[in-house]
Amino acid sequence: MNRNDLKVYKYNQKWIEGRLEYIKEYKERISSISISLSGIKIEKKVQDTMAENLAILLDNINELLDRINAEAQKQKEILNQLEKVKQPYRVILEKVYIQGKTLVTVASELNYSYEDICRKNGKALDLFDSLEINQ
Numbered sequence: 016m017n018r019n020d021l022k023v024y025k026y027n028q029k030w031i032e033g034r035l036e037y038i039k040e041y042k043e044r045i046s047s048i049s050i051s052l053s054g055i056k057i058e059k060k061v062q063d064t065m066a067e068n069l070a071i072l073l074d075n076i077n078e079l080l081d082r083i084n085a086e087a088q089k090q091k092e093i094l095n096q097l098e099k100v101k102q103p104y105r106v107i108l109e110k111v112y113i114q115g116k117t118l119v120t121v122a123s124e125l126n127y128s129y130e131d132i133c134r135k136n137g138k139a140l141d142l143f144d145s146l147e148i149n150q
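Residue numbers (the working numbering): 16 to 150.
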């Protein structure tokens, strides 16, 4: 993992949350449709077509879940690599890239000047990148 992976961590987390919500709503609709159709007499050809379409939709959901799991695994690797960064650099990276705070906010929370936090953030990113090379 490198600094670019770290920088998009928060956005990917939001993407995962959005996709999971989408899947939840989608599955509820599919379940509702399935229940409704089970009580209705439909000719076999139409029923087979509907079943086939439902199977395709469920396959699409499963593919999306696979993508979500892959992204979640990548995020876990980022967090594991972040644990190897020494302090105070780790806390800076965590606050900025994991929690999504601004450098101004982090500087205030950690009692550093903005200029100091900018320098430390650059050094922290270099340390994070060097861990990727050493692995």
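Ideal placement from N, C-alpha and C gives every residue a C-beta, glycine not left out.
All values reported here derive from a predicted model rather than from experimental measurement.
**Asked** If we ignore side chains and look at the alpha-carbon of each, how far apart do D63 and L69 end up?
**Response** On the sequence shown, position 48 is the one that residue 63 refers to. On the sequence shown, position 54 is the one that residue 69 refers to. Separation of D63 and L69 (C-alpha to C-alpha, rounded to the nearest whole angstrom) is 10 Å.
How would you call V111, buried or exposed, if buried means at least 16 neighbouring beta carbons within 10 angstroms?
Mapped onto the sequence shown, residue 111 falls at position 96. Taking all protein chains in view, the Cβ of V111 is crowded by 16 or more other Cβ atoms within 10 Å, so the residue is classified as buried.
Quick check: the Cα distance between E124 and N27, rounded to an integer number of angstroms? Counting from 1 along the sequence shown, the entry for residue 124 is found at position 109. Counting from 1 along the sequence shown, the entry for residue 27 is found at position 12. Cα-Cα distance, rounded: 25 Å.
Cβ pair I132, L142 closer than 8 Å: As a position in the sequence shown, residue 132 is number 117, starting the count at 1. As a position in the sequence shown, residue 142 is number 127, starting the count at 1. When the beta-carbon positions are compared, I132 and L142 stay at least 8 Å from each other.
Closer than 8 Å is the cut-off here; do at least three beta carbon pairs connect the region 88-100 with the region 17-27? Contact between the region 88-100 and the region 17-27 is established, with three or more Cβ pairs separated by less than 8 Å.
key: Cα-Cα separation between E130 and N136, rounded to whole angstroms   = Working through the sequence shown from its first residue, we reach residue 130 at position 115. Working through the sequence shown from its first residue, we reach residue 136 at position 121. The alpha-carbon separation between E130 and N136 amounts to approximately 10 Å.
(Q) Using 8 Å for Cβ pairs, my map puts I76 next to I38. What's the rounded Cβ distance? (A) Counting from one through the sequence shown, the residue named residue 76 turns up at place 61. Counting from one through the sequence shown, the residue named residue 38 turns up at place 23. Rounded, the Cβ-Cβ distance is 5 Å, consistent with contact.
For this session: Go ahead and label E43 buried or exposed: buried means 16 or more other beta carbons lie within 10 angstroms of its beta carbon, across all protein chains shown.
Result: The residue you call residue 43 lines up with position 28 of the sequence shown. Under this definition E43 is an exposed residue.
Query raised in the report: So I113 and M16 are in contact, right, with Cβ under 8 Å, and what is the actual spacing, rounded?
Result: As a first step, residue 113 must be located in the sequence shown, where it is residue number 98. As a first step, residue 16 must be located in the sequence shown, where it is residue number 1. 13 Å between Cβ atoms; not a contact.
* Helix, strand or coil for S123, going by three-state DSSP, please let me know. => Taking the sequence shown and counting its residues from 1, one reaches residue 123 at position 108. Note: S123 maps to helix in three-state DSSP.
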